[in-house]
Every structure is written in structure tokens, then in C-alpha cells.
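In order, the protein sequence lines correspond to chains A and H.
Taking the numbering used here, the leading residue of the first sequence gets 92, the next gets one more, and so forth.
Taking the numbering used here, the leading residue of the second sequence gets 1228, the next gets one more, and so forth.
Ideal placement from N, C-alpha and C gives every residue a C-beta, glycine not left out.
Remember, predicted model here, so these are calculated numbers, not experimental data.
Just below is one structure, and these are the notes that go with it.
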Amino acid sequence: AQKITQTQPGMFVQEKEAVTLDCTYDTSDPSYGLFWYKQPSSGEMIFLIYQGSYDQQNATEGRYSLNFQKARKSANLVISASQLGDSAMYFCAMREGQRSGGSNYKLTFGKGTLLTVNP
Amino acid sequence: NAGVTQTPKFRILKIGQSMTLQCTQDMNHNYMYWYRQDPGMGLKLIYYSVGAGITDKGEVPNGYNVSRSTTEDFPLRLELAAPSQTSVYFCASSYRGGAQHFGDGTRLSIL
């Protein structure tokens, strides 16, 4: 089973509107972290936001917020007031927590969602 | 503000050639990673390192080797390049389980 699932290959949004990008995850670790990265057409990977499994509140970073629903194992990215520069590929990733015998800080990535912001 | 620096940015190799992709970071991060990204896909972990002298395999290590002699540097070696290794390669670093900071990537074509 995939550990990170992004079901939307592509999304379109009008400039200035909000958009939600979906991410579901699968893990049996009680301690894990969820990350969102943005990859513009230029190719670099830009860290956007992080949510820890024990965090009580949803993470926010400027226009980005993470809608974390632990029981449903979902970590959707919400972008408010979309801008043309938000057009990019967005990746959800998970770091599973410490396991017996050592730490595990590797990230598992989803396949991404291509967001297009229309003027 | 260099962050994570990868060289070269682009490279074309012939089948069977070898090369080393360079990665260096100036953030004093102990964790470093190599990923590959195939067209239309997410990133897959090749190798990672939790500190100088310590490396371990990721999801897709075959055909690659790494070394970590210093905190700053984490080169990726391709031996006997094959067309299946055509990809974009990203190096990243982090402080333990925090956000990973990525280099700009190396576009590698094997012909």
C-alpha cells in the first residue's frame, strides 16, 4: 500500500480564490511528521509547511495552512488567496518516527499535484 | 546563503560511463539525502547519511554508491551508467527530523 497518496493529479483555481490539495497517509508509527513541498517549473524543491503527529493545532505559514485530520489520516494543504506564482507541483511527504533500534528520518513522497492558477 | 549546493546542474553521459554528483551544505546539518525524481513522479530515496562516516541504503540504491567523509559533503557515485538512471537528482540535508532543505538538482541523461 502507498504510504502517501495524492489523488489529484491536477487542480485549477482562479486567482485570489482558496484551494485545497489532498493528501492521505498510511503509517502505524504513533510519531510521524508531514511535510508539504512546492516545486515550480524551474525545478527546485521549496519547503512550505510541517505538521507533527502530536501537534494539537493545525500548522499555518502565511497563506498556507495544513488541515490535519489524524483519525482520517489526512493532511490537506490549503492555499488561501491564490496567486499566479502559486502555479507549481505540490508534494506531500511523511517522515515516520523513531523505531526500535534506531531513528528513521527518511521522507516518503507522494506523486504530487500540479496546481494551475488562472488569472 | 548557499544552503545545499549541487554540481553539475546538467550532464549527459554515455552508457557505461561513471560520474560523481557533488553535494555540499553549509548549514552544519548531520543528516543528508540523495533522491531521484523521474518524470511525473515524486522523489525516491537513493541513499542517506546520519553523520560523517555513516551511510545507509534508501528505496532505490542499486547502481549507486555514496560516501560521507565530512559533515558538509555527500557525493553520489554512478558506476556503469544505464539509461534507467536518466533522472533528476536532488541532494537534501536536515537537522534530524526537521524540514529537509534541497539543492537545485542535477539533470542527468544517459544516452
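If the cut is a Cβ gap below 7 Å, which residues of chain H does residue 203 of chain A touch? 1269
(message) Short of 7 Å in beta carbon distance, which residues of its chain neighbour residue 1314 of chain H, apart from the five on each side in sequence? Order them along the chain.
(response) 1263, 1264, 1265, 1335
- Query: Can we count residue 204 of chain A as close to the ligand MN, meaning its CB is less than 7 Å from some heavy atom?
  - Reply: By its list of ligands, the structure shown contains no ligand whatsoever, and the ligand MN lies outside what it can speak to.
**Message:** Can you tell me whether residue 177 of chain A is helix, strand or coil according to DSSP?
**Reply:** helix
>> Does the CB of residue 141 of chain A have a neighbour CB from chain H at under 8 Å?
In response: yes
message: Give me the chain A residues within the contact set of residue 1238 of chain H, using Cβ-Cβ distance strictly less than 9 Å, ordered along the chain.
response: Within 9 Å Cβ-Cβ: nothing; residue 1238 of chain H doesn't reach chain A, min ~15 Å.
Residues that residue 1279 of chain H contacts on chain A, provided the C-beta gap is smaller than 7 Å = Neighbours of residue 1279 of chain H on chain A: none; closest Cβ ~16 Å, over 7 Å.
7 Å Cβ shell around residue 177 of chain A - same chain, five flanking residues per side excluded
170, 206, 208
Just mark residue 1286 of chain H as buried or exposed, buried being the case when its beta carbon has 16 or more other beta carbons within 10 Å.
exposed
Those residues which DSSP pairs with residue 95 of chain A across a bridge = A:116
Closer than 9 Å by beta-carbon distance: list the chain A residues that pair up with residue 1346 of chain H, in chain order. This structure leaves residue 1346 of chain H out entirely; chain H is present only between 1228 and 1338.
Hey, quick one: how far does the beta strand (DSSP E) through residue 1238 of chain H stretch, first residue to last?
1237-1240
**Request:** Quick one: grab the DSSP three-state call for residue 133 of chain A.
**Result:** coil
- Task: Under 8 Å between beta-carbons, which chain A residues line up against residue 1300 of chain H? List them in chain order, please.
- Result: Near residue 1300 of chain H there are no residues of chain A at all, since even the closest Cβ is about 19 Å away, more than 8 Å.
Q. Of all the options A:210, A:118, A:149, A:112, which has the alpha carbon lying nearest to the alpha carbon of residue 98 of chain A?
A. A:112
Output the boundary residues of the beta strand (DSSP E) element that contains residue 157 of chain A. 155-160
message: As a quick exercise: from H:1238, H:1307, H:1282, H:1309, pick the residue whose alpha carbon is nearest that of residue 1261 of chain H.
response: H:1282
Output, in sequence order along the chain, the residues in the segment 115-127 of chain A whose CB is closer than 7 Å to any CB in chain H. 124, 126
Distance, residue 140 of chain A Cα to residue 204 of chain A Cα
16 Å
Requested in this report: Classify residue 144 of chain A as helix, strand or coil using the three-state DSSP reduction.
Outcome: coil
| query | Which residues mark the beginning and the end of the beta strand (DSSP E) in which residue 1244 of chain H is found? | reply | Note, residue 1244 of chain H: premise wrong, no beta strand (DSSP E); not H, not E.
Buried or exposed, going by whether 16 or more other CB atoms sit within 10 Å of the CB of residue 163 of chain A? exposed
**Study point:** Rounded straight-line distance, which links the Cα of residue 1309 of chain H to that of residue 1240 of chain H
**Key:** 9 Å
Checklist entry - Under the DSSP definition of a beta bridge, which residues are partnered with residue 108 of chain A? => result In the DSSP output, where bridge partners are listed per residue, residue 108 of chain A has none listed.
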